[in-house]
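Chemist: When the letters of the sequence shown are read in order and numbered with full-length UniProt numbering, they come out as residues 1 to 131. Cβ coordinates follow ideal geometry from the N, Cα and C atoms, glycine included.
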Amino acid sequence: MVGNTFEIEELFDKAIWAESPAWSKAQQALYFSDVKGCTMYRWTAETGTQIFRQPSHFSNGNAFDANDNLITCEHGNRLNSPNDVAVKSDGTIWFTDPPYGILSDNEGKPFRPTSGYFFEIFYKNGRTSSS
1 MVGNTFEIEE LFDKAIWAES PAWSKAQQAL YFSDVKGCTM YRWTAETGTQ IFRQPSHFSN
61 GNAFDANDNL ITCEHGNRLN SPNDVAVKSD GTIWFTDPPY GILSDNEGKP FRPTSGYFFE
121 IFYKNGRTSS S
């Protein structure tokens, strides 16, 4: 929690479906996705909210690893609708793969059963596992 007193400030109101805020301490920047708007944004106190990436391929889950690399889930490729993502202290990337995007006609086709996965970047092409 922030403390006993705080103010809520709206930083951006133009997103269709804002999701997945991720804070970069090193950059002092907030990244977030507008899934339906197919755009990623970056906010700093100095510049305000600016487009970071467009199109964003329906980016959804965002997280930073220990080296301040932005890890982003995207829909429509060889998975279903990668969504929530977390990076463990050992560098392992964990994410979910629900059917959200593929339930509509907008985003890709089913690839495999929906599940949770982990991805290890220590191998040349990565290594995944599902449950």
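(1) Taking all protein chains shown into account, do 16 or more other C-beta atoms lie within 10 angstroms of the C-beta of I51, making it buried, or fewer, making it exposed?
(2) Let me confirm a value: W17 is counted as buried when at least 16 other C-beta atoms fall within 10 Å, else exposed. Which label applies?
(3) Could you check the C-alpha separation between K36 and E19 for me, to the nearest Å?
(4) Give the DSSP bridge partners of G48, in chain order.
(5) Where does W17 fall in DSSP's three states?
(6) For a quick check, are the C-beta atoms of Y31 and F12 less than 8 Å apart?
(7) Shortest alpha-carbon distance to N67 belongs to which of S59, G91, R53, A86?
(8) Which one or two residues does DSSP pair with F64 in a beta bridge?
Modeler: If we stick to the structure as given:
(1) By the neighbour-count rule (16 or more Cβ atoms within 10 Å), I51 is not buried but exposed.
(2) Burial state of W17 is exposed, judged by a 10 Å Cβ sphere holding fewer than 16 other Cβ atoms.
(3) Computed Cα separation, rounded: 10 Å.
(4) Partner(s): T44.
(5) It is coil, neither helix nor strand.
(6) For Y31 and F12, no; Cβs fall outside 8 Å.
(7) Measuring from the Cα of N67, the nearest candidate turns out to be G91.
(8) Bridge partners of F64: L70.
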